[in-house]
Structures are given as C-alpha cells and as structure tokens.
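Line by line, the protein sequences give chains U and X. Using my numbering, the final residue of the first sequence is 194, and nothing's skipped along the way. Using my numbering, the final residue of the second sequence is 728, and nothing's skipped along the way. Each residue gets a CB set at the ideal place from its N, CA and C atoms; glycine is no exception. In this text the structure is predicted, and so the values were computed from the model without any measurement. Single-structure report; data block below.
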Amino acid sequence: MKFDLVLAGVGGQGVLSIAAILAEAARREGLAVLQGEIHGMSQRGGAVQATLRLADAPVAGSLVAHGGAEMVLGVEPVEALRCLHYLSPEGRLVTAADPHPNIPDYPPLEAVLAAVRAVPGAVLVGAADLARRAGSGRAANVVMVGAASAFLPLPAATVEACLVDGFAAKGERVVEANRRAFALGRAAVGAAAP
Amino acid sequence: METQILLGDEAVALAAVHAGIGGAYAYPGTPSTEILEYLVPRAAAGGFTAHWCVNEKTAYEQALGMSMLGARALVAMKHVGLNVAMDPFVNSALVALGGGLVVAVADDPGMHSSQNEQDTRILADFARVPCLEPADPQEAYDMTREAFDLSERFGVPVVLRLVTRLCHSRAAVAPRPPRAPNPVAKAPEPQDWILLPHNARRRWRGLLDRLPEMREAAARAACNVLVPGGRAAGFGVLTAGLARHYFSAEAAGLGFRPPWLHIGMYPAPEEAIRLLAAGATRLLVIEEGYPYLERQVRGVLPHGWEVRGKESGDLPLDGELTPDLVRSALGLPPRPQVEPSSLPLPGRPPQLCKGCPHADSFEAVREALAAFPQSVVTADIGCYTLGALPPYSAIESCVCMGASVGMAKGASDAGQRPALAVIGDSTFLHSGVAPLMDALAANTPMTLLILDNGTVAMTGLQPTRLPGSRLEPLLLGMGVDREHLHVVEVAPRRPGELAALLRDELAQAGVSVIVAVRDCVELAKAERRESEKA
Numbered sequence: 001m002k003f004d005l006v007l008a009g010v011g012g013q014g015v016l017s018i019a020a021i022l023a024e025a026a027r028r029e030g031l032a033v034l035q036g037e038i039h040g041m042s043q044r045g046g047a048v049q050a051t052l053r054l055a056d057a058p059v060a061g062s063l064v065a066h067g068g069a070e071m072v073l074g075v076e077p078v079e080a081l082r083c084l085h086y087l088s089p090e091g092r093l094v095t096a097a098d099p100h101p102n103i104p105d106y107p108p109l110e111a112v113l114a115a116v117r118a119v120p121g122a123v124l125v126g127a128a129d130l131a132r133r134a135g136s137g138r139a140a141n142v143v144m145v146g147a148a149s150a151f152l153p154l155p156a157a158t159v160e161a162c163l164v165d166g167f168a169a170k171g172e173r174v175v176e177a178n179r180r181a182f183a184l185g186r187a188a189v190g191a192a193a194p
Numbered sequence: 195m196e197t198q199i200l201l202g203d204e205a206v207a208l209a210a211v212h213a214g215i216g217g218a219y220a221y222p223g224t225p226s227t228e229i230l231e232y233l234v235p236r237a238a239a240g241g242f243t244a245h246w247c248v249n250e251k252t253a254y255e256q257a258l259g260m261s262m263l264g265a266r267a268l269v270a271m272k273h274v275g276l277n278v279a280m281d282p283f284v285n286s287a288l289v290a291l292g293g294g295l296v297v298a299v300a301d302d303p304g305m306h307s308s309q310n311e312q313d314t315r316i317l318a319d320f321a322r323v324p325c326l327e328p329a330d331p332q333e334a335y336d337m338t339r340e341a342f343d344l345s346e347r348f349g350v351p352v353v354l355r356l357v358t359r360l361c362h363s364r365a366a367v368a369p370r371p372p373r374a375p376n377p378v379a380k381a382p383e384p385q386d387w388i389l390l391p392h393n394a395r396r397r398w399r400g401l402l403d404r405l406p407e408m409r410e411a412a413a414r415a416a417c418n419v420l421v422p423g424g425r426a427a428g429f430g431v432l433t434a435g436l437a438r439h440y441f442s443a444e445a446a447g448l449g450f451r452p453p454w455l456h457i458g459m460y461p462a463p464e465e466a467i468r469l470l471a472a473g474a475t476r477l478l479v480i481e482e483g484y485p486y487l488e489r490q491v492r493g494v495l496p497h498g499w500e501v502r503g504k505e506s507g508d509l510p511l512d513g514e515l516t517p518d519l520v521r522s523a524l525g526l527p528p529r530p531q532v533e534p535s536s537l538p539l540p541g542r543p544p545q546l547c548k549g550c551p552h553a554d555s556f557e558a559v560r561e562a563l564a565a566f567p568q569s570v571v572t573a574d575i576g577c578y579t580l581g582a583l584p585p586y587s588a589i590e591s592c593v594c595m596g597a598s599v600g601m602a603k604g605a606s607d608a609g610q611r612p613a614l615a616v617i618g619d620s621t622f623l624h625s626g627v628a629p630l631m632d633a634l635a636a637n638t639p640m641t642l643l644i645l646d647n648g649t650v651a652m653t654g655l656q657p658t659r660l661p662g663s664r665l666e667p668l669l670l671g672m673g674v675d676r677e678h679l680h681v682v683e684v685a686p687r688r689p690g691e692l693a694a695l696l697r698d699e700l701a702q703a704g705v706s707v708i709v710a711v712r713d714c715v716e717l718a719k720a721e722r723r724e725s726e727k728a
C-alpha cells in the first residue's frame with residue numbers, strides 16, 4: 001500500500017499543521033511516513049504546498065511524481081487546481097470551496113468551482129461555513145482533514161486523537177472547536193465516501 | 195534509542211548533539227535555519243553552546259576557535275552563507291584542527307527562498323575537503339556523526355551538503371547512543387595554526403598529501419554503493435543525493451536494472467566510476483545542482499564514452515530534480531495524470547503581512563521619491579525584498595546580504611542623486627556596517643534607511659544580535675552626523691512624517707541615516723502568546 005497526498009493552500013491557512021497531524025496519525029498506525037514542506041518565503045500569504053507520502057514499506061524522496069498522488073487536498077480551490085497535475089487518474093480531489101482572493105487577478109469563483117467539478121469524483125466542501133459552525137473560523141483546515149478522512153487509509157479515530165493532541169496546548173476551547181470541525185467535515189462528504 | 199520523526203535539519207542537529215559537540219553556530223537562512231532552531235533551546239540542558247551569530251563568517255570563526263581548543267563544533271548556513279564564510283572556510287582546511295568541525299550547508303536548488311542555486315560540492319572540492327551528501331533524514335543523522343569522525347581523522351573541516359527537499363522533509367530517524375564530548379585541550383603546535391607563508395606552504399602541501407587518503411576513505415565509504423545491473427543494459431546510472439530515491443522509484447518502469455553507482459561521499463571514488471563504466475557504453479549522471487559529477491566522470495573515463503546528464507540536455511541545468519525529470523531522462527513516458535485545468539491560474543507570490551511596518555515604510559519611500567525626477571533605490575535580503583512587488587514596487591535591487599549599502603554608494607559615485615539604500619536591522623548588522631564605513635569615509639551623498647523591526651523576520655523571528663536601541667550609538671560611533679541621523683517610529687498607515695524626513699535627507703550633500711522603528715507584526719504576536727503563557 002502507498003498513499004501519496006499533496007496538500008495545497010495559502011500561507012497562513014494551516015496547511016503545514018494539518019500535514020503534521022496526518023503524518024502523526026500515520027505514524028501511530030505503524031505506516032512509513034515522509035512529509036515534505038517548504039518553509040520561508042512562501043509562507044507569507046503565498047501559495048503553499050506540502051506532501052505526505054504514506055506506505056506500508058519505507059518510502060524515500062518527499063516529492064510526489066506527476067500523476068502519482070492518490071489525493072490532492074486543498075484548503076483553497078485555486079491552490080488545489082494548481083496541484084492537479086500531481087493527481088493520478090484514479091486519485092481524488094478534495095478541496096474547500098472558499099476562495100482566498102488575496103491577489104488582484106483572482107478568477108471568477110464560478111469558473112474556479114466549475115474547474116474543480118470538472119475533475120471526476122471531485123469533492124467540494126464549504127469549509128469556511130462549517131468552521132464557523134464548529135466555533136472557529138480558523139478551523140477550515142481541520143474541516144478539510146475531516147472531509148479527506150473518508151478517503152484516507154487511516155482510521156478516523158486515530159486522526160481525531162492526533163488532532164486533539166496537536167491542539168491540546170491551545171486549550172480546551174480550541175480542541176473542542178477542532179473536534180467539531182473534523183466531525184462536520186467528515187459528515188459533509190458522507191454521501192460521496194466509498 | 196527510540197525512533198523520532200525529524201526534519202532533515204533536525205536530524206543534523208540531533209546527530210551533532212550525539213556526536214558530542216561543544217558548540218553550534220549559525221546565521222539563519224532558509225532552508226538551514228531549523229538546525230540551530232533545534233539546538234538553541236536544548237543547549238543549556240545539553241551542556242553545549244548554541245548561538246545565532248551576526249553572520250556566517252563570525253559563526254564559522256567561532257566554530258573554528260572551538261575546534262582549536264579540541265572541542266567538536268557545528269556551523270550551519272544556507273549555500274550563499276558559505277560565500278560570506280569562504281575566507282575562514284578555505285583557510286581552516288590548512289590548520290591542524292583539534293575537535294571535529296562540520297560545516298552544514300543547505301543548497302536551495304529551485305531557489306525556493308534564495309537568489310541563486312550554487313552547488314556547495316564544488317566549494318568543498320575548492321577547499322580540498324571531504325563532502326558528505328545525505329539523501330534522507332536518517333542519512334543526515336548518520337552522515338553528520340560520520341562527518342565529525344572524518345574531520346578529526348583528517349584534521350580538516352568536513353562539509354555536509356544538504357538541499358531544500360531534505361532539510362524540510364520529515365521522516366523517522368533512529369538515533370545511536372551519544373558519544374561523550376572531547377576534553378578541552380589547546381592545539382599542541384601553534385605553528386600549525388599560524389598561516390604565515392612558511393607555515394601555510396607546509397600545511398598546504400600536507401593537505402594535498404592527505405587527498406589520496408580522503409579519496410580512499412570515500413572509495414571505502416558505505417554510502418558510495420555500486421549495484422551491478424541485472425543484465426547487459428547498455429547504460430549505467432550514477433546518482434548523488436536525492437537522485438537516489440527518484441531513480442530507484444522510476445527505474446521500476448524500465449523493466450531491467452542498469453548498473454548503478456550512488457555517491458554519498460566526495461572526493462568521488464574514481465575507481466568505482468570506472469567499474470560502473472565497464473559494464474556499460476553510456477552513463478547517465480543524475481545529481482542535484484551543478485553538473486559536478488558529470489564533468490568529473492568525463493575526466494575519469496577515456497575519450498569516447500557517452501556521458502549524459504545536465505550538460506547533454508537530458509536533465510535541465512537549472513531548477514531542482516523531480517521524479518518526473520528523472521523519469522524522462524530514463525526515456526520513460528510521463529505517467530498518466532488528471533487533465534490539468536483549462537482555467538488559467540494566477541500566480542500567488544508571497545506578500546508582506548497585514549499590518550507589516552515595511553508596508554508603511556515603502557509607502558513613505560514612494561511618497562518621498564515622487565519629489566525627485568530621478569532616483570535609485572537599492573535594497574537587500576529579507577521580508578522587505580517583497581517591496582519589489584506591487585503595490586509597492588519601491589526597490590530596484592536585491593543581490594546579496596548588505597549589498598544595498600555599497601551599491602547605493604557606487605550609484606551615487608556614478609552621479610545618481612538621490613541614492614537610497616533600504617536594509618533591515620539584522621541584514622545591516624550582518625554585512626551593512628562595513629560598506630557604510632566606506633560611505634562615511636568618502637562622505638558620499640546617500641541615504642540609508644534601516645528598517646528596524648526588532649527581529650530576523652523572514653526566517654522565523656530569530657533575535658537580532660544588537661537590540662534596536664544600540665543602533666543609534668553604533669551609527670554615531672561610526673561617525674554618522676547627528677544632524678542627519680534620525681531614529682523614528684513608523685506610524686501605522688500614516689507614512690507622511692517618514693516621507694517628509696526622507697525627502698529632506700535625500701536632498702542632503704552627505705551620508706544620512708534614518709532608522710525606521712516598528713516591531714514586526716509576527717514578533718508582536720509571538721510576544722503576546724508568550725505573555726499569555728506566563
């Protein structure tokens with residue numbers, strides 16, 4: 001088994017945080033994990049990509065090949081589309097529908113969402129709204145972890161436990177909001193999940 | 195010992211601790227920063243020193259002094275940092291090192307966060323010292339341990355060549371039991387440390403005499419592996435660094451295994467290259483960075499061998515290696531992939547944070563310069579380099595640490611008035627002080643704008659070596675005229691005052707310096723978080 005995941009978003013959206021949480025969950029499940037990230041300049045409101053390679057045998061090299069990813073997980077739809085070439089034809093595109101238009105030439109949202117829907121099996125999630133319902137506007141990234149969890153080779157309970165541990169230092173309120181965000185994200189794809 | 199999930203950088207740091215270092219020194223620079231980030235908070239409890247330094251040269255020299263006293267030392271930097279530390283680096287190969295000295299240098303192929311993609315392997319070769327090139331965090335750990343031993347064995351610094359995708363990859367690392375630090379003992383023979391010509395000639399000859407031994411060590415190194423091919427493949431493959439993983443994954447698509455030599459330690463083992471070539475008529479060299487091995491292979495093999503790689507165009511000369519580039523170089527078709535979106539996607543460059551003091555400063559620069567028909571604005575390395583992008587478009591150069599100051603002087607000497615240099619507080623301390631002395635000595639008409647945000651922001655809020663409050667006495671002590679030295683607080687969203695001051699000073703006949711003070715928003719946030727915790 002191998003599962004290559006490309007995570008995409010904008011600096012400040014918590015892409016690296018959710019990559020770390022999923023990596024920890026995979027480690028707890030006894031999988032070999034390789035996580036790739038880029039620090040520095042890209043983090044200041046620019047496009048951010050991270051990779052997560054999971055396998056039941058050792059994996060090496062943090063880059064994912066074009067057409068090699070089992071999933072592209074977007075916290076922002078344009079950034080998810082930017083990573084489409086990594087997706088295998090059998091892979092799954094899961095992305096938040098909420099635009100982060102911090103650039104002057106952001107395309108019309110309808111065109112962006114249509115491009116996402118054109119990808120077979122794509123899952124679009126209204127993550128911002130679900131995050132607010134969960135009690136933290138900042139938890140859209142965790143909503144997307146919930147949405148992705150339906151397709152990941154990881155038990156939801158393990159991912160949730162890693163979320164709880166990952167946010168523990170920020171206090172009970174943050175932990176609870178993220179737990180709800182995870183559950184709402186997971187429920188949102190209920191029908192689409194295999 | 196228990197396996198840990200570590201970044202490549204952290205694996206280097208942990209290995210240095212386990213190798214028994216007495217100290218670690220660095221100037222922050224992506225992608226090397228996390229090495230010292232890991233060590234600084236662990237230093238006190240670990241019984242070693244870990245300090246951020248003013249620049250890579252001062253960092254290197256501190257590590258060298260520690261080695262002179264017999265202790266092991268690590269110095270870490272990004273690739274261009276080695277240019278700054280080049281003088282002590284090259285010369286330290288000629289002294290008789292005491293404690294092992296390991297130079298961890300992080301190259302940035304693809305220039306994710308850098309201004310060039312120079313290849314540190316060539317600089318290790320230039321200094322005539324061994325270089326180790328790990329391919330994953332586990333190897334980063336193992337090779338760092340090895341590098342300290344090699345350094346003590348040969349009495350020379352050993353380079354650890356890292357690249358971005360290794361520095362910032364996280365994977366499981368199995369550490370080994372730690373080794374006790376060396377006892378402190380001064381170098382026995384001062385003549386071996388005094389590079390006066392008569393000593394230096396002797397030491398240089400001695401270094402050249404040790405090269406065959408170093409080559410021999412590389413030939414025997416477990417990280418240099420020759421794997422025979424499955425059958426007569428016609429071609430052989432030579433990989434280095436991360437290329438090992440890309441090749442080994444993509445080679446599955448070939449249907450056969452070509453003979454394969456992986457090189458993890460330099461000087462490259464020539465005999466192994468000849469052995470590899472013996473089983474093939476054509477060699478493909480896959481390496482990250484310059485076509486360094488590729489050229490060497492051409493020199494090792496007799497005329498007529500076909501050596502392919504970056505110079506032959508099978509792989510690009512620029513950018514970082516990817517599995518897909520390796521796949522194509524192996525002659526394999528691209529993997530099927532999802533049809534890319536027909537929607538044109540706009541770029542999303544990084545930007546200054548909301549509330550960033552630099553944004554107000556650049557607004558002031560634009561306002562001030564509007565008063566002059568012509569001007570030049572040289573700038574420097576840091577978050578404020580983003581002032582090059584719209585909506586600011588306020589700077590006209592970014593070359594290397596501290597260059598803004600000397601370049602503004604040169605532009606002024608050429609007749610351009612006004613000439614404005616824009617530099618951050620930490621970059622000024624790193625390499626801006628010396629060129630300002632040149633400007634002061636010549637009383638060149640130019641203005642230096644120091645953006646003092648109280649931190650090294652771009653690399654993640656490392657402390658500057660001098661607090662902002664010490665800038666004014668430093669500048670006065672250097673001879674900046676008190677009349678033309680201004681330390682001003684940058685008012686949020688009200689750049690008018692700074693603009694007026696700039697306008698006045700830009701019209702002056704000599705050197706003027708304005709220190710624009712306001713804390714980085716991220717620093718302010720981090721301090722708030724700290725005080726909430728306390």
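Compare the beta carbon distance of residue i and residue j with 8 Å and say whether it is the shorter of the two.
i	j	result
Met-595 of chain X	Thr-579 of chain X	no
Met-271 of chain X	Ala-279 of chain X	yes
Leu-291 of chain X	Gly-349 of chain X	yes
Val-299 of chain X	Tyr-219 of chain X	no
Val-593 of chain X	Ala-615 of chain X	no
Leu-519 of chain X	Arg-82 of chain U	no
Ala-437 of chain X	Glu-505 of chain X	no
Val-143 of chain U	Leu-154 of chain U	no
His-552 of chain X	Leu-645 of chain X	yes
Ile-38 of chain U	Asn-141 of chain U	no
Leu-470 of chain X	Leu-477 of chain X	yes
Gln-332 of chain X	Ala-379 of chain X	no
Leu-515 of chain X	Tyr-440 of chain X	yes
Pro-225 of chain X	Asp-302 of chain X	yes
Arg-370 of chain X	Met-195 of chain X	yes
Give me the Cβ distance between residue i and residue j, rounded to the nearest whole Å; I'm assuming they're in contact under 8 Å.
i	j	result
Thr-358 of chain X	Gly-293 of chain X	Not confirmed; about 29 Å, so no contact.
Gly-202 of chain X	Ser-363 of chain X	5 Å
Tyr-86 of chain U	Val-189 of chain U	Wrong, their Cβ atoms sit about 20 Å apart, outside the cutoff.
Gln-702 of chain X	Pro-629 of chain X	About 19 Å; that fails the 8 Å criterion.
Leu-109 of chain U	Val-116 of chain U	Contact flag wrong, Cβ pair sits at about 11 Å.
Just to confirm my understanding: we take residue i, look at its own chain, exclude 5 residues before and 5 after, and list those with CB closer than 8 Å. What are they?
i	result
Thr-658 of chain X	Asp-619, Ser-620, Leu-623, Gly-648, Thr-649, Val-650
Gly-45 of chain U	Val-10, Gly-11, Gly-12, Asn-102
Gly-549 of chain X	Pro-686, Val-715
Helix, strand or coil: how does DSSP classify residue i here?
i	result
Gln-312 of chain X	coil
Gln-35 of chain U	strand
Gln-656 of chain X	strand
Pro-406 of chain X	helix
Tyr-106 of chain U	coil
Cys-162 of chain U	helix
Val-367 of chain X	strand
Asp-607 of chain X	helix
Gly-447 of chain X	helix
Pro-89 of chain U	strand
Arg-397 of chain X	helix
Met-271 of chain X	strand
Would you report the Cα separation of residue i and residue j, rounded to the nearest angstrom?
i	j	result
Pro-194 of chain U	Arg-92 of chain U	Bear in mind that a pLDDT of 49 at Pro-194 of chain U, under 50, signals an unreliable position, so the model cannot answer this.
Glu-464 of chain X	Val-297 of chain X	24 Å
Leu-455 of chain X	Gly-430 of chain X	8 Å
Glu-666 of chain X	His-678 of chain X	12 Å
Val-421 of chain X	Ala-523 of chain X	19 Å
Ala-685 of chain X	Leu-692 of chain X	8 Å
Leu-356 of chain X	Val-119 of chain U	37 Å
Arg-489 of chain X	Asp-512 of chain X	16 Å
Near residue i, what residues of its chain come up, given a Cβ to Cβ distance below 7 Å and the 5 sequence neighbours on each side ignored?
i	result
Phe-167 of chain U	Val-174, Val-175, Asn-178
Glu-716 of chain X	Cys-547, Ala-651, Leu-655
Leu-184 of chain U	Leu-130, Arg-133, Ala-134, Val-143, Gly-146
Ala-139 of chain U	Ala-131, Ala-177, Asn-178, Ala-181
Keeping to the same chain, check which residues put their C-beta closer than 6 Å to that of residue i; ignore five residues upstream and five downstream.
i	result
Val-559 of chain X	Ala-588
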